[in-house]
Amino acid sequence: MAASAAAVMEELRGSFREGRTRPAEWRTAQLRALVRMIEEKEDDISDALHADLAKPRMEAYLHEISLAKGACMFALKGLKNWMKPDKVPSAITTFPSTAQIVPEPLGVVLVISAWNYPFLLSIEPVIGAIAAGNAVVLKPSEIAPATSSLFAKLLPEYVDSSCIKVVEGGVTETGALLGQRWDKIFYTGNGNVARVVLAAAAKHLTPVALELGGKCPVIVDSNVDLHVAAKRIAVGKWGCNNGQACIAPDYIITTKAFVTELVPTLLL
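Residue 471 in our numbering sits at position 227 of the sequence shown; the count goes up by one each step and never skips.
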């Protein structure tokens, strides 16, 4: 597996060094291809999300498919400005020089995504990596196998496979990928795996972006409208993705006196 991961890295590194991912035309073409994929394969994406999570078609569209398309459109709209050099003041000691900050791609990026929103949380960081002019490897979550397999099938049909690849698998495959020298790693998941990711990245001083789970309390004041508060808490907890969302409430902070009123209302 390590040899396979090294081969993937070698190909992508070569494509990046050749400058394939740098031109605005290439970035635009890949983003438009992703929009086309989302539009043409909406039913397949919905089916995969239902197979993995029993997610209803409407919820799949509202919370994943439409947001993924929106992220593509946002990147397409902003790409020209994002790529422009930013003029900044220069010191008097360097007069008559001028100074500017020039956006540069990092290189080859690894995206390790989560299972609870397996389409959106996979494609959004890939969109960002492409827009920034990077080559990218997507490692979808093995806990959402239908969506993972769909990515492995669809992405090579729509985007430049010499610069954008999907690697499926579990712990072994992820470990092999983390053994490579990346220019950035984007990980969505839990803190335990994040420590493994950080340890691997530290060997090469690779920058890492971590989107991790955490606690999400609800603070309920005793002066609130009891029924409105209970309804909003219930909808926030179970109204989206069956509670498997990073912002779903997981505990309540309130006054002792109000507990006896709030808890029965939540159970109605």
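Beta carbons are placed, not taken as given, at the ideal position from N, Cα and C, and that holds for glycine.
Straight-line Cα distance separating Thr432 from Ile356: 6 Å
Boundaries of the alpha helix (DSSP H) in which Thr391 is found, first to last residue: 389-402
Candidates Arg425, Ser366, Arg280, Val462, of which the one nearest Ala396 by Cα: Ser366
Span of the alpha helix (DSSP H) around Val441: 435-446
Length-filtered (3 minimum) beta strand (DSSP E) runs lying within the segment 448-472: 452-456, 461-463
Enclosing alpha helix (DSSP H) for Val346 [first to last residue]: Element bounds for Val346: n/a, residue is neither H nor E.
Limits of the beta strand (DSSP E) - the one that Ala379 falls within: 379-383
Nonlocal neighbours in the same chain, by C-beta distance under 7 Å from Asp494, ignoring five residues either side: Lys459, Cys460
Option nearest Ile496 by Cα separation, candidates Ala474, Gly487, Ala379: Ala474
Residue of Pro267, Trp482, Ala446, Gly419 minimising C-alpha distance to Pro347: Pro267
Alpha-carbon spacing of Ala379 relative to Leu510, whole angstroms: 48 Å
8 Å contact criterion, which Ala292 and Ala390 should meet: CB distance rounded: 4 Å
Asp494 in three-state terms, based on DSSP: coil
Pair within 7 Å by beta-carbon distance, Leu456 and Ala438: yes
Backbone CA spacing between Val352 and Val403 [nearest angstrom]: 16 Å
Neighbour-count burial assignment, Phe430, 16 or more Cβ in a 10 Å radius: buried
Val279, enclosing alpha helix (DSSP H) - first and last residue: 268-284
Three-way DSSP call (helix, strand, coil) for Thr337 in this model: helix
Whether Thr488 touches Met253 by CB criterion (7 Å): According to the sequence shown, residue 488 is Gln rather than Thr. Taking 7 Å as the Cβ cut-off, Gln488 and Met253 do not qualify as a contacting pair.
Asn360 versus Leu422: straight-line alpha-carbon distance, rounded: 22 Å
DSSP bridge partner residues for Leu354 (one or two, in chain order): Val381, Ile429
For Lys331, the three-state DSSP class (helix, strand or coil): strand
Integer Cβ distance of Val410 from Pro384, believed to fall under 8 Å: 7 Å
Cβ-based burial, Ala304 [other Cβ within 10 Å; buried from 16]: buried
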